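Asks:
In structure tokens, the structure reads:
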């Protein structure tokens, strides 16, 4: 997981994403966009714009690809920090 | 359960899809925007949350979700088209503590499996059926399904489904809710987020019912098939909302989950000794074997192979029947394509003194190859020092292996010389008798009348002669 951010936030695996856009349509705050870039399979993958996620989980539940979307919610403790 | 702080790939899924062939073991085979992935995720999440991954058994259907077993980290069975509820019944009865999840599409459940689902529902089998309704046959290229909407264009209804010729879309929830036994019958839809969350709740309730042994739960989910519908995924969600919901309204048709009592069925017999007793195993062990004193083999695992129409199957059946008359344990297992003649065919035959386990001969000690492709294919799987008999009328290239005992026999030529190509199988039987020493050709002739009951005396005589020819050819040329 990358350095940044305030919880909650989604993390989308650009290589697993098949670019179906269901998450973009389902996001209530419009913080997911389709990248102009292509992934290794030739799909324009979905990306988080970096802020504005409210942690509703819509993108996770609408995504048909089991490991493409992960949503880190408020209160999440990264595993390396769990002692 | 504590509030989740992360939503990630549920533990109900296998971490790396190791059973999936090819390189892409980190993703599903589903098309972009396919509803199956969403429904899989809802099931896998429930399995993790309820901590039942280990005791669940997912029954995969035929359809795009035929490979559901690539993904779920549960027990998995992939079953014949439409038969998921029947196999689920067996699993549930044999192991009442397991959580049986039957996963089926509309072609599988509502067409070929229509009777299976009604009977399982009517018996109140303890399972949850997840019925994925996308109004089309997705995997085979978008043909009309029982649930295809009136007017909907598919590859087999290019002008739209017409009730006059094609009937009306089958409403499975409505049908099943007519039955007395089911405890929970509901229809949900993936067309928007509230719909997906309701589908999640319904799947969890159905699984909970199965865990509590409350009986039969039926959860229909209206799902997108963007490829089959020729739409973008988001557009496909809108199509569910605008078109499917009218014929397939969401809602709960039956819910007696709270009142339902735990089902207790007779405990199945699982003790191997008891099963043997019931099956009469002891009587199977008594032998009436008339072993031929000249037998060179006491155990034959034979593969007979060639074109359909070359007497492949009848060679196998004849040998198994003769073996049975001698008191051997025998099995015959055919394998062939859908065509009656001309395709490739082969059969496995076992003739042995002890009880037979598997009927398929994966490591035969004898092969009868009637044509070149069969020789090439089955020569390879013969055990070292095995017997290879082949039809030298049609096969001109010699076998490549040097460790085999090889018997080139002009089977087709000999049969033709007798005036009927169809007696090839009897030439094979005679040659088999000579090579193995297991059967006496005179006795085989005596058995002909029972094998060919109802045929004319002339046919029986011709077959007897063919057996004798095959027997003599081996005796004269190979001893």
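Residue numbers (this note's numbering), protein chains in the order written: chain A, 1 to 83; chain B, 84 to 562. We put the CB at the ideal spot given by N, CA and C, even for glycine. These figures come from a predicted structure and were not determined experimentally.
1. For the structure I just gave you, are there three or more beta carbon pairs, one from the region 545-554 of chain B and one from the region 489-504 of chain B, closer than 8 Å?
2. With distances taken from CA atoms, which of B:341, B:524, B:176 is nearest residue 409 of chain B?
3. Cβ of residue 96 of chain B less than 7 Å from any chain A Cβ?
4. Please determine, among B:169, B:259, B:392, B:217, the residue with the shortest C-alpha to C-alpha distance to residue 327 of chain B.
5. Give a yes or no on whether 7 Å exceeds the smallest Cβ distance from residue 53 of chain A to chain B.
6. Residue 498 of chain B and residue 557 of chain B: beta carbons closer than 7 Å?
7. Excluding five sequence neighbours on each side, which residues of the same chain lie with their C-beta closer than 6 Å to the C-beta of residue 338 of chain B?
8. List the endpoints of the continuous alpha helix (DSSP H) containing residue 318 of chain B.
9. Taking just the CA atoms, how far does residue 462 of chain B sit from residue 563 of chain B?
10. Leaving out five residues on either side along the sequence, give the residues of the same chain with a beta carbon under 6 Å from the beta carbon of residue 131 of chain B.
11. Provide the residue span of the beta strand (DSSP E) that contains residue 338 of chain B, from first to last.
12. Keeping to the same chain, check which residues put their C-beta closer than 8 Å to that of residue 91 of chain A; ignore five residues upstream and five downstream.
13. Using only the alpha-carbon positions, how far apart do residue 226 of chain B and residue 494 of chain B sit?
14. Comparing alpha-carbon positions, which option in B:324, B:527, B:126, B:166 lies nearest residue 97 of chain B?
15. On the CB-based measure, 16 or more other CB atoms within 10 Å of its CB, does residue 554 of chain B come out buried or exposed?
16. Applying the 10 Å Cβ sphere with the 16-neighbour rule, what's the burial state of residue 128 of chain B?
17. For a contact defined as C-beta to C-beta under 9 Å, what are the partners of residue 6 of chain A on chain D?
18. Output yes if chain B places a C-beta closer than 7 Å to the C-beta of residue 1 of chain A; else output no.
19. Hey, does residue 49 of chain A have any beta-carbon neighbour from chain B nearer than 7 Å?
20. May I ask you to list, following chain order, the residues of the region 71-82 of chain A that have a beta carbon less than 8 Å from some beta carbon of chain B?
21. What residue range is occupied by the uninterrupted beta strand (DSSP E) comprising residue 216 of chain B?
22. Going by DSSP, which residues form a beta bridge with residue 47 of chain A?
23. Determine the chain B residues that contact residue 37 of chain A at a beta-carbon separation under 8 Å, and present them in chain order.
24. Using a Cβ-Cβ cutoff of less than 6 Å, which residues in the same chain neighbour residue 281 of chain B once the five nearest sequence positions on both sides are dropped?
25. Buried or exposed: where does residue 168 of chain B fall if 16 or more other Cβ atoms within 10 Å of its Cβ makes it buried?
26. Under 8 Å between beta-carbons, which chain A residues line up against residue 116 of chain B? List them in chain order, please.
27. Chain B partners of residue 60 of chain A, CB-CB under 9 Å?
28. DSSP state of residue 426 of chain B, grouped into three classes?
29. Please name the residue or residues paired with residue 375 of chain B in a DSSP beta bridge.
30. Alpha carbon to alpha carbon, how far is residue 550 of chain B from residue 508 of chain B?
31. If the cut is a Cβ gap below 9 Å, which residues of chain A does residue 519 of chain B touch?
32. Pair every Cβ in the region 163-182 of chain B with every Cβ in the region 247-264 of chain B, then say whether three or more of these pairs are closer than 8 Å.
33. From the DSSP output, in three-state form, read off residue 104 of chain B for me.
34. Which residues in the same chain as residue 510 of chain B place their Cβ atom closer than 7 Å to its Cβ, once the five residues preceding and following it in sequence are excluded?
35. At a Cβ threshold of 7 Å, is residue 9 of chain A touching chain B?
36. To the nearest angstrom, report how far apart residue 561 of chain B and residue 402 of chain B are at their CA atoms.
Replies: For this structure:
1. yes
2. B:524
3. yes
4. B:217
5. At a cut-off of 7 Å between C-beta atoms, residue 53 of chain A does not count as an interface residue with respect to chain B.
6. no
7. 267
8. Looking at the DSSP string, the run of the alpha helix (DSSP H) that includes residue 318 of chain B is 316-322.
9. The first residue shown for chain B is 84 and the last is 562, placing residue 563 of chain B beyond what the model contains.
10. 93, 94, 95
11. Per DSSP, residue 338 of chain B belongs to the beta strand (DSSP E) from 334-338.
12. Given a span of 1 to 83 for chain A in the structure shown, any question on residue 91 of chain A remains unanswerable.
13. 47 Å
14. B:126
15. buried
16. By the 10 Å Cβ count, residue 128 of chain B comes out buried.
17. Given the protein chain composition of this structure (A and B), no chain D is represented.
18. Since pLDDT at residue 1 of chain A reaches only 48, below the 50 mark, its modelled position is unreliable, and no value is offered.
19. no
20. 71, 72, 73, 74, 75, 76, 77
21. 210-216
22. A:33
23. Chain B residues near residue 37 of chain A: none, gap ~17 Å exceeds 8 Å.
24. 271
25. Of the residues assessed, residue 168 of chain B falls on the buried side of the cut-off, its CB having 16 or more other CB atoms within 10 angstroms.
26. 18, 20, 21, 22, 64
27. 90, 91, 124
28. coil
29. In the DSSP output, where bridge partners are listed per residue, residue 375 of chain B has none listed.
30. One Cα belongs to residue 550 of chain B, the other to residue 508 of chain B, and the distance between them is close to 9 Å.
31. Residues of chain A passing the Cβ test: none, with the nearest at roughly 55 Å.
32. no
33. coil
34. The residues are 494, 497, 498, 549, 552, 553.
35. no
36. 21 Å
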